[in-house]
Amino acid sequence: DTAVSQTPKYLVTQMGNDKSIKCEQNLGHDTMYWYKQDSKKFLKIMFSYNNKELIINETVPNRFSPKSPDKAHLNLHINSLELGDSAVYFCASSHLGRWNTEAFFGQGTRLTVV
Amino acid sequence: QKEVEQNSGPLSVPEGAIASLNCTYSDRVSQSFFWYRQYSGKSPELIMSIYSNGDKEDGRFTAQLNKASQYVSLLIRDSQPSDSATYLCAVNESGGSNYKLTFGKGTLLTVNP
């Protein structure tokens, strides 16, 4: 019954590697997001997709490439991982255009780059 | 740069007291406002939403919105140790096709038994 699910929950990898995080939602929402939460707990939007189309890209390095095969899935691929990429990455979903809709979050992926 | 500002805390209150959390935002056309609670190591979960000026009550929680002052607050009555968490204020910037929730940096609340 999980509404927004992400995998993996934990990811430890070496600098320079490439890794992916997967996200799926079963809420019927048309918009999905990736947020990054740093060590100071600041939650910042990275990307937003509506019906598989990119609508928000918040000055994120090109090493980060989101992919949305359908509106229920939004994956995040990261190339050439750097130490500064260590953070918790949250996937979220909502209904676009409904200004009073809230975002529902996945459980997060804690990425540690060593 | 559109911003959402919160006192980072920590805010410490005794059990049974009222906890007051504050948030200001810079985008005057923001339409909807949310309070999320985040326990350590967990994801944010929505506890309150508010769209109109005034107060909105839900159990022990009251959200207050003043659009003229660009201010939103959350009151927690009869605070419990289980309320200890980081509270995130979120603002919908301008709605429509550019829907984006912008979060404040959060206020860490500790309720002491």
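From first to last, the protein sequence lines stand for chains A and B.
Note that our numbering has the first sequence beginning at 1299, numbered continuously upward.
Note that our numbering has the second sequence beginning at 100, numbered continuously upward.
Where a beta carbon is used, it is the ideal one built from N, C-alpha and C, also for glycine.
What you are looking at is a predicted structure, and each value in this text was computed from that prediction instead of being measured.
Neighbourhood of B/Pro143 in chain A, by CB distance below 8 Å: Leu1341, Phe1388, Phe1403, in chain order. When the beta-carbon positions are compared, A/Phe1345 and A/Asn1360 stay at least 7 Å from each other. Residue-level contact by beta carbon holds for A/Glu1400 and chain B, with a gap shorter than 7 Å. Proximity of the stretch 1327 to 1343 of chain A to the stretch 1386 to 1395 of chain A meets the contact definition, three or more beta-carbon pairs being nearer than 8 Å. If you draw a straight line from the Cα of B/Lys204 to the Cα of A/Pro1367, it comes to about 32 Å. Counting only Cβ-Cβ distances below 8 Å, A/Gly1406 has contacts in chain B at Lys141, Ser142, in chain order. Chain-ordered, the chain A residues with CB closer than 8 Å to the CB of B/Lys204 read Lys1338, Lys1339, Phe1340. Closer than 7 Å to the CB of B/Thr185 there is at least one CB belonging to chain A.
Taken atom to atom, the span from the alpha-carbon of B/Gly158 to that of B/Ser181 is near 15 Å. Counting only unbroken stretches of 3 or more residues, the beta strand (DSSP E) elements lying wholly within the stretch 120 to 169 of chain B are 131 to 137, 144 to 149, 153 to 157, 160 to 165, in sequence order. For A/Ser1391, there are no neighbours in chain B by C-beta distance under 8 Å, as the nearest C-beta there is about 12 Å away.
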